[in-house]
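Chains as they are written, first to last, in the working numbering: chain A, 4 to 343; chain B, 49 to 433. In this text, a Cβ means the ideal position worked out from N, Cα and C, and glycines have one as well. For clarity, every value in this text was computed on a predicted model and none was experimentally measured. Beneath this line is the structure, given in structure tokens, with notes to follow.
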Amino acid sequence: MIFWTLVVDGVVNGAIYALLAIGLVLVFVVTRVILLPQGVYMSFAALTLSQFQRGNVPGTAGLLLALGLAAFVIDLLRSRVTRAWLMRRVASDLALPAIMYALVTWLVPLRPNMAIQIVLTLALITPLGPYLYRLAFQPLEQASVLTLLIASVGVHIALTVLGLVFFGPEGFLANPLSSAHFEAAGIVISGQSAIMVAVSLVIMVLLWLLFDRTLIGKAMRAVAVNRVGARLVGIPISQAGEITFALASFIGAVSGVLIAPVSMVYYDTGFLIGLIGFVAAIIGGMGSYPLAVAGAIFVGLLQSFAAFWNSNYQQVVVFTTLIPILLLRSLRAPAVEEDE
Amino acid sequence: MLGTALRRLLLTAAIFGAAAVTAGAGELTVGLNLPQTGPGSSLGVPMMNAVSLMPPTIGGLKVNYVALDSRTDVTQTAANTRKLITENKADVLIGEVVTPTSLAMVPIAGEAKTPLLATSPIKALAYPVDDVRRWVFKIVPDDDTTAPPVVKYLADKGVKTIGIIGYNDAYLQVWTGLFDQLLPSTGMKVIAVESFERSATSTTPQALKLIAAKPDAIFVAAGGTPAVVPIRDLRQRGFKGIILASHGIGLPDFIDRGGKDVEGVVMVGEPFIIWRDLPADSPYNKLAQKFVPAYQEKFKADPPMMAAHIADCATLLEMAVPEALKRGQPGTQEFKDGLRDALENVKGLYLNNGLLSNSPTNHAGYDPGGQFVMTVKDGAFHLVK
């Protein structure tokens, strides 16, 4: 019975790592950015949700306004301004954040129900991705993976510090998504864990549909496979990057909503959990979604059993087990970066 | 929030700074180094609030309070401490709440032979009392002080076996050490010790393992909000026994985040947390009465434990300054020596943090009898009678 409870615990944690890993792989294959802030989206979403439940307007609402404005101004300076461009950017960079900000400040004191809180959280966090892409990564589109990584570290540090300003140093715990408990073969499974696994599965299926069945998805895959080729056949690389970042921040926000009620989230929690997601992504060679998911579940299970076996060595067991795996992978899959 | 903290700091610094310039003979200078920004600010801001309520004169001397922002930063703290000693000629220092920064003040104060009232819980601040630490006096009890009442409470409840869960760091070692030391004479024993990371998404495996060992009581060696997660997981996995936690949980944030999950959790801690449950003639109640209403009126909020540390510093100085004046005038080394000796020889002084009797070998001499058993009931700590 303890065995199966540990399995459930491991799979539930693995589901969160899997979402983070998918976001990382997605961004990496399309834009070659190793997106450290993926975990920050998660903690921002979790903390935003907690603030909604306390009737506070979270700092992320103001951040959205500021980033939207910054992205607008930067683009204004470097783009050829046409009427259509202006209409589109005013809508996406100025109107959208303003509407969201107004909506949040109006709704939050009215204490809306959980569903509305979640929708608001997702709507606040998801646009952060594309704004950050346009501000930090789009100008470096042609740069090397290393330069992009350094930019990513910079964005990550800036966001983490902002997180401390917005939410303070203490952790927050949100109300559970479901207080139901059901028993199967002697093990108690909480409704919350069931929702976590189910939502992760739904997201994975949706992503698969997107990449397999839609034109946008296929275009993004084309960019991932060969950037030069994709550009030659007329796929706008920047737009693919923007969409990818939006997807990644959406996935990050969903994982934040899922984890907020289960674990105490601090302004810097995202980095530590994101790191494990990163490890899972590397198990998948930073290129394969199913392998990344499998890696994430594996790490989740390993953590759970290691904590039960000897909690002092939990992290030691997890990370030492990864060394031979990573060694094996690097031997079998020689580096394929810098193909341009 | 940051804006108001900063403004308040600048204001405080301006008022006190201006006063410090005109500080002359016959005036006591108190130098404070507290975090107004950075991760420690949630602790430091209420302390700085309390500074504005400290008495304007102590032992007949006009007091100049010089308050600097440590930014929760070790380098800044070191610079501040030196500045307070050399430029402001502080007679006594008060400071820091966070572990690394509070430790950074110790060698500087010791080197300059200036008494330091240390407002952080770490034992190493004033232990062992050596050439440097003979200048440091702790305003917060060590875990050593709360451990005997914890063990007594468990023994009274008929507990035979204890499980421990704590942070995967030195703090857990402190408590397993204390239990090792105190349990042999009681017949109780520790049968399981588990640890967890601050960043852990789940402590379910640890909870399962502890429950499988079937202890009568579980002790949580963690403080503040991180202590909520293991307690919740223990309850969710069906642990029905006693749950005790170290006195680091005595903060409003703990109850706020824990909600229903932490109802019934027991801790041993400072009288200030439950002063409303103590009789009106209790010295602790009287001390709190002197401080709490004034704080509430000025800041429209209940003072947290940290704010009471500052009130305790004032109480200690009111005791020590008259003694020091017999040796010399403020601004002289003789006066500082006098303060140090008076602080070292304090006997049976009631503070918001407990009953203090220091000695040449113990600068955190809180009496275990001055600590109280309390439990979370209806969203607040209450005295266990």
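Leaving out five residues before and five after A62 (chain B) in sequence, what residues of the same chain have Cβ atoms less than 7 angstroms from its Cβ?
With a pLDDT of 49 at A62 (chain B), under the threshold of 50, the predicted position of this residue should be treated as unreliable, and no value is reported.
Could you tell me which of A:P327, A:T8, A:I276 sits nearest to R246 (chain B), measuring between CA atoms?
Ranking A:P327, A:T8, A:I276 by CA distance to the CA of R246 (chain B) puts A:I276 first.
Below 8 angstroms on the Cβ atoms is my guess for A64 (chain A) versus M90 (chain A); work out the distance and round it to an integer in Å.
Contact between A64 (chain A) and M90 (chain A) is ruled out by a C-beta separation of about 24 angstroms, above the 8 angstroms threshold.
Could you check the C-alpha separation between T34 (chain A) and I210 (chain B) for me, to the nearest Å?
Looking at the two C-alpha atoms, the distance is approximately 54 angstroms.
Under 8 angstroms between the Cβ atoms of W183 (chain B) and R375 (chain B)?
No, the Cβ-Cβ distance between W183 (chain B) and R375 (chain B) is not below 8 angstroms.
Please list, in chain order, the residues of the segment 245 to 264 of chain B that have any C-beta partner in chain A closer than 9 angstroms.
Cβ contacts with chain A: E245, R246, S247, A248, T249, S250, T251, T252, P253, Q254, L256, K257, A260.
Quick test of your reading: T249 (chain B) and A203 (chain B), contact by CB under 8 angstroms. State the CB separation rounded to the nearest angstrom.
Not quite, the Cβ-Cβ distance comes to about 36 angstroms (not below 8 angstroms), so this is no contact.
Return the Cβ separation of G79 (chain B) and L373 (chain B) in integer angstroms, given the expectation that the two are a contact with Cβ distance under 8 angstroms.
Contact flag wrong, Cβ pair sits at about 19 angstroms.
Report the CB separation of G166 (chain A) from S266 (chain A) in whole angstroms; it is logged as a contact under 8 angstroms.
So it is not a contact: roughly 16 angstroms between Cβ atoms.
Cut-off 7 angstroms between Cβ atoms - residues of its own chain near V156 (chain A), not counting five sequence neighbours on either side:
When the five nearest sequence neighbours on each side are left out, the beta carbons in the same chain lying within less than 7 angstroms of the beta carbon of V156 (chain A) are those of L39, in order along the chain.
Can you check whether the C-beta of E144 (chain B) is within less than 8 angstroms of a C-beta belonging to chain A?
No, no contact with chain A.
Whose Cβ in chain B lies nearer than 8 angstroms to the Cβ of S258 (chain A)?
Below the 8 angstroms Cβ cutoff, chain B contributes no neighbours of S258 (chain A), its closest Cβ being approximately 11 angstroms away.
Sheet register partners of G446 (chain B) (DSSP bridge):
Within the shown structure, residues of chain B are numbered from 49 to 433, placing residue 446 (chain B) beyond reach of any answer.
Determine the DSSP secondary structure at L180 (chain A), reduced to helix, strand or coil.
In the structure shown, L180 (chain A) falls within a coil segment according to DSSP collapsed to helix, strand and coil.
Contact belief for P104 (chain B) with G92 (chain B) at Cβ below 8 angstroms, rounded distance in angstroms:
Distance from P104 (chain B) to G92 (chain B) at the Cβ level is roughly 22 angstroms; contact not present, criterion being Cβ atoms closer than 8 angstroms.
So which residues on chain B does S203 (chain A) lean against when the C-beta distance must stay under 8 angstroms?
Here the premise fails: no neighbours, minimum Cβ distance about 14 angstroms.
Distance, Cα to Cα, S90 (chain B) vs N97 (chain B)?
Straight through space, the alpha carbons of N97 (chain B) and S90 (chain B) are spaced by roughly 12 angstroms.
Return the residues of the segment 262 to 287 of chain B that lie within a Cβ-Cβ distance of less than 9 angstroms from chain D, sorted by chain order.
Reference to chain D is not applicable here, since the protein chains of this structure are A and B.
Residue(s) in a DSSP beta bridge with F420 (chain B):
F420 (chain B) pairs with B:G317.
Taking the CB atoms as reference points, tell me whether A24 (chain A) and P133 (chain A) lie closer together than 8 angstroms.
No, these two residues do not count as a Cβ contact at 8 angstroms.
Grouping DSSP H, G and I as helix and E and B as strand, with all else coil, what is A68 (chain B)?
For A68 (chain B), the predicted structure reports a pLDDT of 45, less than 50, and the residue's modelled location is therefore unreliable. A value from the coordinates is still provided. A68 (chain B) falls in the helix class under three-state DSSP.
Buried or exposed: I326 (chain A), going by 16 or more other Cβ atoms within 10 Å of its Cβ?
Label assigned to I326 (chain A): exposed.
So is E159 (chain B) in contact with chain A if we call contact Cβ pairs under 8 angstroms?
No, its Cβ sits nowhere closer than 8 angstroms to a Cβ of chain A.
Determine the extent of the alpha helix (DSSP H) in which Y332 (chain B) is found, giving its start and end residues.
Per DSSP, Y332 (chain B) belongs to the alpha helix (DSSP H) from 331 to 347.
Out of A:L50, A:A299, A:R86, A:G71, which one is the CA nearest neighbour of P61 (chain A)?
Among A:L50, A:A299, A:R86, A:G71, the Cα nearest to that of P61 (chain A) is on A:L50.
Taking the straight line between their C-alpha atoms, what separation do you get for V188 (chain B) and N393 (chain B)?
Whole-angstrom Cα-Cα distance: 17 angstroms.
Residue environment, S118 (chain B), which counts as buried when at least 16 other CB atoms sit within 10 Å:
When all chains shown are included, S118 (chain B) counts as buried.
Are the segment 9 to 16 of chain A and the segment 304 to 311 of chain A touching, with three or more C-beta to C-beta distances below 8 angstroms?
The segment 9 to 16 of chain A, when compared against the segment 304 to 311 of chain A, does touch it at the 8 angstroms Cβ threshold.
Chain A contact residues for N216 (chain B), given Cβ-Cβ distances below 7 angstroms:
By Cβ distance, chain A contributes N315.
Specify the secondary structure class of S95 (chain A) as computed by DSSP and reduced to three states.
Of the three classes helix, strand and coil, the one that applies to S95 (chain A) here is helix, per DSSP.
What do you get for R230 (chain A), buried or exposed, if any count of 16 or more other CB atoms within 10 angstroms of its CB means buried?
Looking at its Cβ environment, which holds 16 or more other Cβ atoms inside 10 Å, R230 (chain A) is buried.
Proximity winner among B:D190, B:K237, B:K200, relative to Y219 (chain B) (alpha-carbon distances)
Among B:D190, B:K237, B:K200, the Cα nearest to that of Y219 (chain B) is on B:D190.
Sequence-distant residues of its chain with Cβ nearer than 8 angstroms to W7 (chain A) (five each side left out)
Closer than 8 angstroms at Cβ, skipping near neighbours: A188, G189, I190.
At what residue ranges does the segment 113 to 201 of chain B contain a whole run of the alpha helix (DSSP H), taking only runs of 4 or more?
Counting whole runs of 4 or more residues, the segment 113 to 201 of chain B contains the alpha helix (DSSP H) stretches 122 to 134, 147 to 159.
On the three-state DSSP scale, how would you describe G79 (chain B)?
Strand.
How would you write the range of the beta strand (DSSP E) that Y136 (chain A) sits in, first residue to last?
For Y136 (chain A), no beta strand (DSSP E) segment is defined, and its DSSP state is neither H nor E.
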